[in-house]
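Q:
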Amino acid sequence: MTRVAVREEGNLRTDLPGFVGRREATAQVRRKLSEARVLTLTGVGGVGKTRLARHVAWESRRAFHDGVWLVDLAKLDDPLLLDHVVAATLGLQETAIREPQRALVEHLQDRQLLLVLDNCEHVLDASARLVAELLRTAPDIRVLATSREPLMIVGEHVWPVIPLSVPPQDALDPSAGHDRRYEAIDLFWQRAESVLPGVAKDRSNDRAVARICHLLEGLPLAIELAAAQLRRMSIGQLLAQLADRYRVLADDHTASRHTTLDAAMGWSYELCSPPERVLWARLSVFAGGFDLSAAAMVCTDASLPADDLLSVLGGLSDKSILTLDQDAPEARYRMLETIREYGRSRLGDGESDTLRRRHRDHYLDLAERVESAWFGEAQLDLARNLRSEYANLTVALEYCLSEHGENRSGLRLAGALWPYWIPCGFLLDGRSWLDRALQLDTTPCRERAQALWACGYVATRQGDIATALDMLDSCRALGRELGEEDIAAHANSAAGLTLQFADDLPSAVAHLEDAIAYYRTERARPDTQLILALFFLAYAMCLRGNTERAVALCEEGGRICRTHDEHWALSWTLWGLGLAHWIAGNIEDAIAQLRESLLIKHAFHDLAGTLLSAECLAWTLATPGDTAMAVRAARLLGAVHARWKPIGTFLYGHKAFLDWRERCEARLRALLGDQPYENEYQRGSLLTVDAVVSCATGEKKRGARAAHGQDDQKTLSSRERDVAKLVADGLSNREIAAQLVIAERTAESHIDHIFTKLGFTSRTQIAAWVGQDTSFEPNAADDTGR
1 MTRVAVREEG NLRTDLPGFV GRREATAQVR RKLSEARVLT LTGVGGVGKT RLARHVAWES
61 RRAFHDGVWL VDLAKLDDPL LLDHVVAATL GLQETAIREP QRALVEHLQD RQLLLVLDNC
121 EHVLDASARL VAELLRTAPD IRVLATSREP LMIVGEHVWP VIPLSVPPQD ALDPSAGHDR
181 RYEAIDLFWQ RAESVLPGVA KDRSNDRAVA RICHLLEGLP LAIELAAAQL RRMSIGQLLA
241 QLADRYRVLA DDHTASRHTT LDAAMGWSYE LCSPPERVLW ARLSVFAGGF DLSAAAMVCT
301 DASLPADDLL SVLGGLSDKS ILTLDQDAPE ARYRMLETIR EYGRSRLGDG ESDTLRRRHR
361 DHYLDLAERV ESAWFGEAQL DLARNLRSEY ANLTVALEYC LSEHGENRSG LRLAGALWPY
421 WIPCGFLLDG RSWLDRALQL DTTPCRERAQ ALWACGYVAT RQGDIATALD MLDSCRALGR
481 ELGEEDIAAH ANSAAGLTLQ FADDLPSAVA HLEDAIAYYR TERARPDTQL ILALFFLAYA
541 MCLRGNTERA VALCEEGGRI CRTHDEHWAL SWTLWGLGLA HWIAGNIEDA IAQLRESLLI
601 KHAFHDLAGT LLSAECLAWT LATPGDTAMA VRAARLLGAV HARWKPIGTF LYGHKAFLDW
661 RERCEARLRA LLGDQPYENE YQRGSLLTVD AVVSCATGEK KRGARAAHGQ DDQKTLSSRE
721 RDVAKLVADG LSNREIAAQL VIAERTAESH IDHIFTKLGF TSRTQIAAWV GQDTSFEPNA
781 ADDTGR
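Just so we're aligned: 599 in this note's numbering is position 599 of the sequence shown, and the numbers increase by one with no gaps anywhere.
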């Protein structure tokens, strides 16, 4: 069958800003990549392997039908998690049980893409095994790796990345001219201009800059660190200090570039103030970035007071030791891995253990605060925060599960992260960490009971029904033994869903009735678990044909969610309502509920939930006999089947789901004809997840009114659109009022008007609407760029 031209863009959205030189290297690497299945860029840290790889990948992107995918391995400490990280980067968050490599193979076997594995050196063996397997099973992929040493696999081509070009020795004579077209000199002046605008216009410093670049052997990282010092010294002073530092190397022609880079790091370190040196070393405990509050909790003490932290961070940023991410909702700092390694080497005896423990304590506290606040209006922001901090959370988990006496904390942390593992769609990672924690600490305690419940529910969502039932039975027994009635109720609730998947409906209903009876007592407070239990029971009622009670249960859950401005559990009550309305023949109501459910799930990156909503929408769209709706339904069936592969057993092997799908397919074949149905099914199988959502909702980013059927009378005012954008950015009513310089009650009034005009009931719907409306994109409505 002919492949339909549906492109996946990958995750490399832009080229690196400020890329300098390497024109010839770029052309040669691109040519080599067209010939080789796997190409590894090697070289010393700081030589520019990552920048060259990303630039080549960006320049080559049009050659790969399914996009360019960059996987940064710098923050990965455990080689066993390599397959997980690659799978998650490719959007396979819910990968098959303990088999991420198999899921990767299935996903990539018929795709044409470029996989960029950056910083492989510390997980070299695992990287080599994965790449070898992918090359064997996925004939149309290319791999571009960066590493300080080759992967050493069959078919690998190696490209040593050399430093930037510098003037030859004889060009350093005062009488010689100095061509600024040398790559190293060009890089220095570009970075110098960002520090001191206009400095490059002074040609009198050309010889000094040429000598600086020669001393630094053209190493990009060393040059950038040196240029950053122009905030505090002249070019002449910079050369004098460097010349003194490197005099010992000048006569040693065997000195390696590792030595040169170490010397550049040491020189930068010595130019830092004592507090900056302390903080540089302490910040090396973080992975993947950190915010101000994390730095304060982990790195400050009597020798580095919290009141001084911001100015010290600013000093490190000025010296290019830290990079400030201005685009994040809250300022986040990042550190290159080479700089991080140097900082780690400067930690004193015993200091590393203390910092790792503080780091763990901070992220354990973060996870537990997220869990506590999950049932409320901040849910989407909490999910985004967990995603941004995941590298640090894995470091904290690894500390707990590898240090003697810390396993109990590992159970606490892995269990508290259930909002990340389940609502945010990272079932594979959650299963891996929870299994490991449960194996290491078998002592009966609340932390173990919580982890058993979370792991059992994750296993259910993966389709591992037998394991899930065993875990949930153990959880319920332990909860009752310990007197932890809430945990026992959670186990009953999750088991209620699991038993439905196992086709034991009477037992499922009994478990769910018990759970709901507890949740409705005065000892319990409304939370996500109550809503899920109500939804699970509503689904059981749908299976029994009692749609009236199913609707009542979902409406009860929906009212509680809206009272507390909860989103994720609300999406399940909406799914239940959509299913019940479909079974009862109320097609328009079913479509409306399922569309809303799908948009919310997609906002959380809940892949299984998104696909289930799309699947149910397909059944619903096929019912009226409308040809256009039938085409969409056929595409959705193809998309769900293709995208489900990495999750595990298709539709959990649940008989009801499979029967409904079979009947839907038969109806669509009758409506469209076998070959047209197959064609649309194939088109659907090539859709990205974003395209699945557009297909399911019938929206193609056409603007707000077209996407939501709003007429001119219901168009939002300019101020209401401003408010909607701030709601989508996650601001509270008070923050919106402060931003727009209006009263808080006025902000509330604007939001009420938005709800009324668009027919919405939650802030999540507003956020999804803004995200789908092209007029909110930069310059879409105003070519002035304001």
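Every residue gets a Cβ at the ideal spot worked out from N, C-alpha and C, and that includes glycine.
Nothing here was measured: the structure is a model prediction, and the numbers come from that model.
(1) Mind reading off the beta-carbon distance from Arg61 to Leu115? Whole number of angstroms is fine, and I expect it under 8 Å.
(2) When you compare each of Leu671, Leu668, Leu612, Leu621 to Arg643 by their alpha carbons, which one comes out closest?
(3) Between the Cα of Arg346 and those of Gly266, Met335, Arg384, spot the shortest distance and give me the residue it belongs to.
(4) Which same chain residues, not among the five before or five after Cys299, have their C-beta less than 7 Å away from its C-beta?
(5) Taking the C-alpha atoms as reference points, what is the distance between Ile531 and Leu271?
(6) So, at 6 Å on beta carbons, what are the nonlocal neighbours of Arg358 in its own chain, with the 5 sequence-adjacent residues on each side left out?
(7) Under 6 Å Cβ to Cβ from Gly10, same chain only, skipping five residues before and after it: list those, please.
(8) What number of angstroms, rounded off, separates the C-alpha of Ala787 from the C-alpha of Pro139?
(9) Here's the rule: buried if 16 or more other CB atoms are within 10 angstroms of the residue's CB, otherwise exposed. What is Leu151?
(10) Taking the alpha carbon of Ser402 as the point to measure from, which residue in Ala437, His641, Pro274, Thr40 has its own alpha carbon closest?
(11) Please go through the same chain and pick out, in chain order, the residues whose beta-carbon is closer than 6 Å to the beta-carbon of Arg549, but skip the five residues on each side of it.
(12) Of the residues Val285, Leu758, Asp308, which one's Cα is nearest the Cα of Pro274?
(13) Runs of 4 residues minimum, wholly inside the stretch 252-319: which ones carry the alpha helix (DSSP H) assignment?
(14) Please state whether the Cβ-Cβ distance between Thr338 and Leu221 is less than 8 Å.
(15) Using only the alpha-carbon positions, how far apart do Ala538 and Tyr420 sit?
(16) Can you tell me the Cα-Cα spacing of Gly709 and Lys75, whole angstroms?
(17) Rounding to the nearest angstrom, what Cα-Cα distance links Leu81 and Leu239 in this structure?
(18) Using the beta-carbon count (16 or more within 10 Å), is Gln109 buried or exposed?
(19) For Cys664, I'd like the list of residues in its chain whose CB is within less than 8 Å of its CB, leaving aside the five on either flank, ordered along the chain.
(20) So Ser432 is in the alpha helix (DSSP H); what residue range does that whole segment cover?
(21) Would you report the Cα separation of Ala656 and Thr547, rounded to the nearest angstrom?
(22) Hey, Val56 and Pro163: beta-carbon distance below 8 Å or not?
(23) Which word fits Ala306, buried or exposed, when buried means at least 16 other C-beta atoms lie within 10 angstroms of its C-beta?
(24) Alpha carbon to alpha carbon, what distance is there between Cys616 and His581?
(25) Does the stretch 429-443 come within contact of the stretch 408-420, defined as at least 3 CB pairs closer than 8 Å?
(26) Ordered along the chain, which non-local residues of its own chain (more than five positions away) have a Cβ less than 8 Å from that of Val86?
(27) Strictly by DSSP, which residues pair up with Glu156?
(28) Taking the beta carbon of Val38 as the centre, do at least 16 other beta carbons fall within 10 Å, making it buried, or is it exposed?
(29) What does a CB cutoff of less than 6 Å around Asp318 pick up in its chain, not counting 5 residues either side in sequence?
(30) Could you tell me whether the stretch 559-567 touches the stretch 665-672, using the rule of 3 or more Cβ pairs below 8 Å?
(31) Could you check what DSSP says for Gly10 in three-state terms: helix, strand or coil?
(32) Name the one or two DSSP bridge partners that Thr573 has.
(33) Between the Cα of Leu472 and the Cα atoms of Thr443, Gly684, His511, Leu505, which residue gives the shortest distance?
(34) Under 8 Å, do Tyr399 and Arg360 count as touching if we go by C-beta distance?
(35) Does the distance between the C-beta of Ala569 and the nearest non-hydrogen atom of the ligand SAH fall short of 7 Å?
(36) From Gln450, Leu52, Glu662, pick the residue whose C-alpha is nearest to that of Glu485; which is it?
A: Concretely, from the data shown:
(1) Here residue 61 refers to the residue found at position 61 of the sequence shown. Here residue 115 refers to the residue found at position 115 of the sequence shown. For a cut-off of 8 Å, the C-beta gap from Arg61 to Leu115 is around 13 Å, too long to register as a contact.
(2) Sequence index remark: in the sequence shown, residue 643 carries index 643 (1-based). The option with the nearest alpha carbon to Arg643 is Leu612.
(3) To locate residue 346, count along the sequence shown from 1; it is residue 346. Here the closest residue by C-alpha is Gly266.
(4) Within the sequence shown, the letter at position 299 stands for residue 299. If you ignore the 5 residues before and after Cys299, its C-beta comes within less than 7 Å of the C-beta of Leu279, Arg282, Leu283, all in its own chain and listed in chain order.
(5) Indexing the sequence shown from 1 puts residue 531 at position 531. Indexing the sequence shown from 1 puts residue 271 at position 271. One C-alpha to the other measures close to 57 Å.
(6) Taking the sequence shown and counting its residues from 1, one reaches residue 358 at position 358. Closer than 6 Å at Cβ, skipping near neighbours: Val298.
(7) As a working note, residue 10 is residue 10 in the sequence shown. Within the same chain, Gly10 has close Cβ partners Gly67, Val68, Trp69.
(8) It is not possible to answer for residue 787, since the shown part of the chain is limited to 1 through 786.
(9) Position 151 of the sequence shown, counted from the start, is the residue given in the question as residue 151. Label assigned to Leu151: buried.
(10) Along the sequence shown, one-based indexing puts residue 402 at 402. That would be Ala437, whose Cα lies nearest to the Cα of Ser402.
(11) Counted from its first residue, the sequence shown places residue 549 at position 549. Closer than 6 Å at Cβ, skipping near neighbours: Met541.
(12) Here residue 274 refers to the residue found at position 274 of the sequence shown. Cα-wise, what sits closest to Pro274 is Asp308.
(13) List check, alpha helix (DSSP H) in window: 257-271, 274-283, 292-299, 309-318.
(14) Here residue 338 refers to the residue found at position 338 when the sequence shown is read from its first residue. Here residue 221 refers to the residue found at position 221 when the sequence shown is read from its first residue. Yes; because the gap between Cβ atoms is below 8 Å, this pair is in contact.
(15) Within the sequence shown, residue 538 is the residue found at index 538, counting from 1. Within the sequence shown, residue 420 is the residue found at index 420, counting from 1. Whole-angstrom Cα-Cα distance: 25 Å.
(16) Residue mapping note: residue 709 aligns to position 709 of the sequence shown, counting from 1. Residue mapping note: residue 75 aligns to position 75 of the sequence shown, counting from 1. Because the pLDDT of Gly709 is 36, which lies under 50, any placement of that residue in the model is unreliable, and the question is left without a value.
(17) For this step, residue 81 is matched to residue 81 along the sequence shown. For this step, residue 239 is matched to residue 239 along the sequence shown. Each residue's alpha carbon lies about 45 Å from the other.
(18) On the sequence shown, residue 109 is found 109 positions in, with the first residue counted as 1. Flag for Gln109 reads exposed.
(19) On the sequence shown, position 664 is the one that residue 664 refers to. Excluding positions up to five away in sequence, the list reads Ala618, Trp619, Ala622, Ala633, Leu637.
(20) As a first step, residue 432 is located in the sequence shown; it is residue number 432 there, counting from the start. Run containing Ser432: 427-440, per the alpha helix (DSSP H) assignment.
(21) Taking the sequence shown and counting its residues from 1, one reaches residue 656 at position 656. Taking the sequence shown and counting its residues from 1, one reaches residue 547 at position 547. If you take the alpha carbons of Ala656 and Thr547, they lie about 15 Å apart.
(22) For the purposes of this step, residue 56 is identified with residue 56 of the sequence shown, where counting begins at 1. For the purposes of this step, residue 163 is identified with residue 163 of the sequence shown, where counting begins at 1. Their beta carbons are not under 8 Å apart, which means Val56 does not touch Pro163 by this criterion.
(23) Locating residue 306 in the sequence shown gives position 306, counting from the first residue. It is exposed - the Cβ of Ala306 has fewer than 16 other Cβ atoms within 10 Å.
(24) Residue mapping note: residue 581 aligns to position 581 of the sequence shown, counting from 1. Residue mapping note: residue 616 aligns to position 616 of the sequence shown, counting from 1. Cα-Cα distance, rounded: 11 Å.
(25) Short answer: they touch.
(26) Looking up residue 86 in the sequence shown gives position 86. Only residues of its own chain outside the window of five on either side were considered, and among them Val71, Pro100, Leu104, Leu115, Leu117, Leu130 have a CB closer than 8 Å to the CB of Val86, listed in chain order.
(27) In the sequence shown, counting from the first residue as 1, residue 156 sits at position 156. Glu156 pairs with Val38.
(28) Taking the sequence shown and counting its residues from 1, one reaches residue 38 at position 38. It counts as buried.
(29) Taking the sequence shown and counting its residues from 1, one reaches residue 318 at position 318. When the five nearest sequence neighbours on each side are left out, the beta carbons in the same chain lying within less than 6 Å of the beta carbon of Asp318 are those of Arg231, in order along the chain.
(30) No, because fewer than three Cβ pairs between the stretch 559-567 and the stretch 665-672 fall closer than 8 Å, the two stretches do not touch.
(31) As a working note, residue 10 is residue 10 in the sequence shown. Strand.
(32) Indexing the sequence shown from 1 puts residue 573 at position 573. Thr573 is not bridged to any residue.
(33) Sequence index remark: in the sequence shown, residue 472 carries index 472 (1-based). Nearest option by C-alpha distance: His511.
(34) In the sequence shown, counting from the first residue as 1, residue 399 sits at position 399. In the sequence shown, counting from the first residue as 1, residue 360 sits at position 360. Yes. Within cutoff.
(35) Ligands are entirely absent from the displayed structure, and the ligand SAH is therefore not among its contents.
(36) Walking along the sequence shown from the start, residue 485 turns up at place 485. Proximity to Glu485 across Gln450, Leu52, Glu662 peaks at Gln450, based on C-alpha coordinates.
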